[in-house]
Structure formats: C-alpha cells, structure tokens
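Residues in the sequence shown are numbered from 1 upward in steps of one, following the numbering used here.
The beta carbon of each residue, even a glycine, is placed where N, CA and C say it ideally should be.
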Amino acid sequence: MGKYYNKNKDYTPPVGDEIFLLKMGEMVLKGLNRRSFEERLMGNARRRLQKFGKFRIYSRQSITYVEPQSLDCDMDGAFDTLAKLFGVVGLSRAKACEKTPEAILETAKTYLYDDLMEANTFKVESKRSDKSFPLSSIQLSQYVGGELDDAFPHLQADMHTPDVVVHVEVRDFAAYVHANPTLGAGGLPVGVGGKAVSLLSGGIDSPVASWMMAKRGLALEMVHFFSYPYTSPEAKEKVLELARLITPWCGRLTVHVVPFTEIQEELRRSCPEDLFTLLMRRFMMRISEQVAHRIGAHALVTGESLGQVASQTMEAMAVTNAVCTLPVFRPVVGMDKEEIIRIARKIGTFETSILPYEDCCTVFTPRHPKTRPSMEEILEAEANLDIDGLIQRAVDGIERVTMG
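What follows is the structure, given as structure tokens:
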C-alpha cells in the first residue's frame, strides 16, 4: 500500500493489517475541559497496553486511534484490554486504506471477507469527516453496497436488522473499514474525577460499587479489614483476588489491609452486643478516612444498599456517616440484590465473591443487631474506648498490596 495524501502532508499507513478505533462517549461534551479528558484516556490506554507491544495512540475528531508499531503486537490481548477501558463507548478493529472509492471497496472485500461470507444480510454505513472527499456519505454507501452485492451473490441488503454492518469512515489521514463495533466500557476515564478510597470486603456488593465509581472517573485505592485468626488467610486471598479481577477495569490498585482484630475484640469486651456492628462500621470509616488523607484521596466508597442488612438502614448509615468529614459515595444504595449480582457477573467478580470464606463483618455479627440506633447510645458505648489509640495501632499495622 502506498502513502495516503492529506492536506499536502504524506501519512505512512499503520504497521500490519489492523488499527483500533475507539469511540468516545460523554467526554466529547466537556467543552474546554475535553482535551484533558482525552489526554487522560490516552494515558490510561498507553499504560494498559504496555505489555502487549508498542502502540501509537492519538485522538482526532472524537476518535482515539491505536496503531501497532510492530508486527509482534498482541492485537487480541490489546483489544480485550481496551474493551475494559472506561471512557470508550465503542471500539472496532479496522483496516486503514487510501481515501479513494476503489481502495475502500477493495479493503471491504478483503478485510471483511469472512464476515461477509458468514452473513446472509448486510448494509453499508459511511461517515465522511473529510469533506473534500468526492462522494457524499450516502453516495459512498450506495457505491460500496452495490459492488459488494455483486461480489457476494448470497448476500441481501437489509437496512433494518442486517447480520453485518460494513462501516466506512473517511477521516483526516485515511479511510477506515470495519464491521460491527464492540460495545465499550462507557463512563469517563479513570482519574478525571479524582481519587477515592473504597472499602472492599469479600462480598458481592463492594467490588460492584468500586467498579461503578471507577466508571465515573474515580481512581481508587482499596481498604480491607482483616481479623486474623477469626478470618483465615484464604479469606484475605479472596479479597485480593477480587481486587485483581477489577484491576483491568480500574487500573492499578493498592489494597490497604488493615489489622482489625484488636478493635473487634475490644468492642466485644466493652460494648453492648446489639451495637457491635455499628460501632465496628464507625471504626472502619474513621480508619478509611485516615488512609484517604494519607494518599490524597477526597472521598470514600462503600457497597451499602439501603435496607439490605441491619447496619444499612437509614438511621444506621447516619450513625456511621457521623464520623466522616469526607463525602461517602454509595453507588449501589438504591439497587436490589439481583441488579448487583447482574453487574458482578458482568465484571467477573461474582464467582469469587460467593466463595465460602467469611470476612470480619460476618464473623462478629450480633444475634439481634440494632437497626434504628440513636446517636446518644452510640456515643455512650464509645465513651470508655481508647478510640485514637485503637485507630493508630491499626493504621500503623497496615499492609499494602499493589495490583497491576
């Protein structure tokens, strides 16, 4: 293939047969901030793709282009990774060609040969960002569609529910041909919303909550509370595996494993049993906020769902919130369990979450937990506790595990 000609500048075609086209979503509406969102997206993509080879990544006209720079790039691995990149609503493996009707047709015939042979119906959709191209979008679709109809006699045109859509995009540097795009992860690039600390248990809800907030652009670090010997090393490994499973979506994660045994034993020894879970949650929030301050995070994230358990009533949440100065995000608060499970299955955490290893919350659950606590009785229960000392020893004992 020769060079493409564009506005008096030569452009060398990408190495190999394919290029990835990433379609941006709501970030294109960000006005003067849009470029910073694009830069974040490209930076996230570069970091994620390092292990798959060398790629050139750049953005033009609401599209991010990912070009392999050598023939040994792992294109399948790269594509799977980009499908989990927040900020991308659709992605395609495409073939670049010269911006002539003839080159576009020939590329469609050869590059999409297998797709067209397996299909019974098709249509062509064209976009022409380069207005100097001699054919309109409709004319280009008619030309390519008519020629493909002749070249593949078994195909029938279907404008409504075709088996395969041949996409043609005429852009600044080249024309690109691809078939049906793959749905992207959506959301906003991780990091554009700042940093937060997410409380990660071994259950179903907290990995989903973390995923949901990463989708809104938050960079996350995790806090997990570990009560050895009441909870086993296998329970800890289960939580670390959950962190590994959401790393492809969230990017590199650090899990702060907090030793929580002393605090739970002191609560059981000194406080009313029916308040135990609420007091424990207040310690968790205090410690998580200290971690947040240390790492420069500005919010906490929990997997609480209203009414799901005794510690997640409105009154109970008010009691646990009272010890925080940072905002607390609860993205699954209005979801029922089936909705949460559906997302857990989608992101690949469900099967790990249901492994039978108890976390520190379930081990110390009271027989009759208080569901509508008053702040007065909570403060009375805490009055004789060395809260600062307990928190400081827990924070001093944190183990940090990095994923990704």
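Bridge partner(s) assigned by DSSP for residue i
i	result
residue 156	121
residue 64	22, 59
residue 299	Answer by DSSP bridge pairing: none, since residue 299 is not bridged.
residue 167	125, 178
residue 377	DSSP lists no partner for residue 377.
residue 408	Residue coverage of the chain in this structure runs from 1 to 404, which leaves residue 408 outside it and unanswerable.
residue 309	According to DSSP, residue 309 bridges with nothing at all.
residue 219	195
residue 208	Bridge partners of residue 208: none, in fact.
For residue j and residue i, the rounded distance between their alpha carbons
i	j	result
residue 230	residue 236	11 Å
residue 8	residue 172	Low confidence applies to residue 8: its pLDDT is 36, below 50, so where it sits in the model is not reliable enough to give any reading.
residue 116	residue 258	56 Å
residue 17	residue 218	35 Å
residue 91	residue 43	17 Å
residue 179	residue 284	49 Å
residue 103	residue 67	20 Å
residue 310	residue 370	7 Å
residue 5	residue 99	Residue confidence for residue 5 is low, a pLDDT of 38 falling below 50, so the modelled location carries little weight; the figure read from the coordinates is stated next. Cα to Cα, the separation comes out at about 8 Å.
residue 114	residue 129	28 Å
residue 242	residue 49	22 Å
residue 119	residue 143	20 Å
residue 165	residue 177	10 Å
residue 246	residue 149	44 Å
residue 32	residue 62	14 Å
residue 34	residue 27	6 Å
residue 329	residue 207	13 Å
residue 83	residue 298	28 Å
residue 357	residue 203	10 Å
residue 353	residue 334	20 Å
residue 78	residue 199	30 Å
residue 20	residue 228	47 Å
residue 348	residue 324	31 Å
residue 38	residue 126	24 Å
residue 64	residue 56	10 Å
residue 387	residue 60	54 Å
Residue i (DSSP reduced to helix, strand or coil)
i	result
residue 176	strand
residue 84	coil
residue 238	helix
residue 92	strand
residue 465	Any property of residue 465 remains undetermined from this structure, which presents the chain solely from 1 to 404.
residue 355	coil
residue 383	coil
residue 259	strand
residue 399	strand
residue 188	strand
residue 254	strand
residue 144	helix
residue 198	strand
residue 293	helix
residue 344	helix
residue 323	coil
residue 71	coil
residue 279	helix
Buried or exposed by the 16-neighbour rule on C-beta atoms within 10 Å, applied to residue i
i	result
residue 375	exposed
residue 317	buried
residue 29	exposed
residue 320	buried
residue 212	buried
residue 346	exposed
residue 154	exposed
residue 224	buried
residue 314	exposed
residue 402	exposed
residue 111	buried
residue 107	buried
residue 327	exposed
The ligand MG heavy atom lying under 7 Å from the CB of residue i
i	result
residue 132	The model on display carries no ligand, and the ligand MG is accordingly not part of it.
Whole-Å CB distance - residue i paired with residue j, under 8 Å assumed
i	j	result
residue 187	residue 216	6 Å
residue 222	residue 256	7 Å
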